[in-house]
Amino acid sequence: MKTPETSKKNSNSTRKTKFAAFGVGIVFAFILLEVMTRLLLVVNPDLISFEEQDKEFLVENPYWKIWHYPNNQVRHQKACFDAAYSTNSWGMKGDEVDTSKFSIALIGDSYIEGYGESNETSMAYYLDSLTGADIEILNFGTSGGFGTVHQYAIYENFAKYFKPDVVALFFLSYNDLYDNVNAISEGLLDEDYNYTFQRTSNLNEVEQMLNSMPEPEERETRKGWFVSLKLIGKGIKSLEVAAQYMINTRVEMKGALGEVLNPQQTETLTKGYEIFNQSLKDLKEAIERDGSKFVLVQIPTPYQVDENWLNINGRKLDAELRPDLPNEKVNAIASELDIEVLDLLPAAQAYIKQEELSYPYLYHPCDAHMSGEGNFWFATQVNNYLESKGLMNNGVY
């Protein structure tokens, strides 16, 4: 006869057996999914390509923090783009440069580098095509957290040696202000806003640095175990992109993105503007010292042109976000410093309305950078502005 204690023991034993069987079943199902995924990859090798980069593209340096490996070719894939990057012997994303031509130096972050787009669909490439064969476009844009302090550093340590006739600095509101503050922890600036980055003495020193770089390491793509997890991750991202299209807005809800457009500015942003003011002033003085013309270009962000995103994040921050707020602040700073400014936000808003563009407008749906179409529009605006100011006629206004 079974006692209550015996029944309890049997019940516990049965429960443990069921849990064990369940666990074994889960493991078996995962192994089966993994095998099936690998079989699918034999049929379609491009099945898993949510975000992969087959080789290192960026490398640190002590002069301006981050740059590209020279003479490098990289394939970068994400859910909404498949880009082929190539750099020249100086590490610029683009072809070799002809220093005998009239030249325009582009200094900026990943928007100028052409993140997410092959060389032939980058803003710098389109601008080079529009300006003609007699003008050389020097692309000093790079990704990896590159604010105004970094841009001043790359001019003083690298770009100035090419003696550009015109220097165009590109400002991106939601990134550059925070990157300016980060420059302190990165060792480019101290707490009193004194520059602490190392200085080069000539172009040969830069060339030696580039030549001493190790070979970029190749990265594994679609290799290793658990590729089924990558497939699941890609599926989730695809659903996210589809949801973005459905609600016609970006789902990035980081507070920092909205704070830049909030009239109630944070202490970090105030600091970012202070550093911007100083580095912009110093950059202007350095460029004019070298006999070049200087213009500042404000890049419109996807968050500034997306009304749904502005409304949702405004409610989240309990504030009425102003898409033109950073532009207004930067224009005021530039005016005090007597710097020419091309503010592209009004032009972007007008173009989107005129062409009746819907989400994602001029940008990638899975990334905040400009698409090929956006880059062509961007380059056309810059080209037209430079022409209107006479800056492609021996740099004379």
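Counting from 1, one number per residue, gives the positions in the sequence shown under the working numbering.
Backbone N, C-alpha and C fix where the C-beta goes; we use that ideal spot for every residue, glycine too.
List the residues that DSSP assigns as beta-bridge partners of residue i.
i: Gln151; result: DSSP output for Gln151 lists no bridge partner at all.
i: Met370; result: Tyr363
i: Thr87; result: Lys93
i: Arg75; result: Ala84
i: Val341; result: Leu296
i: Gln53; result: His76
i: Glu60; result: Ile66
i: Ile137; result: Ile104
i: Val167; result: Ala105 and Phe294
i: Glu218; result: Lys55
i: Leu189; result: Tyr195
Restricting to Cα atoms, I'd like to know which of the options is closest to residue i.
i: Lys329; options: Asp318, Asp343, Asn202 and Tyr63; result: Asp343
i: Glu356; options: Asp306, Ile339, Leu177 and Asn211; result: Asp306
i: Gly374; options: Ser335, Pro300, Leu391 and Ile339; result: Pro300
i: His76; options: Gly94, Leu345 and Gln53; result: Gln53
i: Asn175; options: Ser100, Phe276 and Ala168; result: Phe276
i: Asn180; options: Tyr195, Ala168, Val167 and Val166; result: Tyr195
i: Gly258; options: Ala159, Tyr161 and Arg322; result: Arg322
i: Gly145; options: Ala133, Tyr161, Thr121 and Ser173; result: Ser173
i: Lys101; options: Ser358, Gly132 and Arg219; result: Gly132
i: Ser371; options: Gly114, Val74, Thr17 and Gly25; result: Gly114
i: Ala334; options: Gln298, Ser201 and Ala286; result: Gln298
i: Asp109; options: Gly147, Ser89 and Val74; result: Gly147
Residues in its own chain within less than 7 Å of residue i by CB, not counting five upstream and five downstream?
i: Ala379; result: Met123, Tyr126, Leu127 and Leu130
i: Tyr385; result: Leu342
i: Pro164; result: Ser103, Ile104, Ala105, Leu138 and Ser292
i: Asp282; result: Tyr152
i: Leu337; result: Leu280, Lys281 and Lys284
i: Leu325; result: Leu261 and Pro263
i: Leu203; result: Tyr161
i: Asn331; result: Val341 and Asp343
i: Trp377; result: Tyr351 and Leu362
i: Asn383; result: Leu127, Leu130 and Thr131
i: Gln349; result: Val305
Excluding the 5 residues preceding and the 5 following residue i in the sequence, name in chain order all residues of the same chain whose CB lies nearer than 6 Å to its CB.
i: Asp98; result: Glu136
i: Ile112; result: Leu106, Gly141 and Phe170
i: Glu387; result: none
i: Gly116; result: Phe81, Ala83, His364, Asp367 and His369
i: Pro216; result: Lys55, Glu56, Tyr69 and Asn72
i: Met92; result: Asn139
i: Trp225; result: Interpretation of Trp225 is limited by its pLDDT of 47, a score under 50 that renders its predicted location unreliable; no figure is taken from the coordinates.
i: Tyr303; result: Leu257 and Trp309
i: Gln208; result: none
Below 8 Å CB to CB, which residues in the same chain sit around residue i once its five sequence neighbours on both sides are set aside?
i: Asp46; result: Note that Asp46 has pLDDT 46, beneath the 50 cutoff, so the model's placement of it is unreliable and no number is given.
i: Ala159; result: Ala105, Ile107, Leu138, Phe140 and Val167
i: Ile352; result: Val305, Tyr361 and Leu362
i: Glu288; result: Phe294
i: Ala286; result: Tyr152, Tyr155, Glu156 and Lys160
i: Leu381; result: The question names Leu, but residue 381 is Gln in the sequence shown. Leu342, Leu344 and Ala347, listed in sequence order.
i: Ser89; result: Pro70, Asn71, Glu96 and Leu210
i: Ile339; result: Leu280, Lys284, Phe294, Val295 and Leu296
Pull up the CB-CB distance for residue i and residue j, whole angstroms please, since I reckon it's below 8 Å.
i: Tyr69; j: Met213; result: 6 Å
i: Tyr273; j: Leu391; result: Not really, about 27 Å apart at Cβ, beyond 8 Å.
i: Ser86; j: Asn119; result: 6 Å
i: Tyr155; j: Val166; result: Not really, about 13 Å apart at Cβ, beyond 8 Å.
i: Ala183; j: Val149; result: 4 Å
i: Trp64; j: Phe197; result: 7 Å
i: Ser143; j: Leu58; result: 7 Å
i: Arg219; j: Asn157; result: About 28 Å separates the two Cβ atoms, so there is no contact after all.
I'd like to know if residue i contacts chain B, where contact means its C-beta is closer than 7 Å to some C-beta of that chain.
i: Asn383; result: Structure shown: chain B not included; a single protein chain is present.
The segment 126-146 / the segment 267-278 touching (three or more Cβ pairs under 8 Å): no
The segment 308-328 in contact with the segment 282-294 per 3-pair CB rule at 8 Å: no
Cβ contact (3+ pairs, closer than 8 Å) linking the segment 356-374 and the segment 80-100: yes
Cβ pair count under 8 Å reaching 3, the segment 185-200 against the segment 314-323: no
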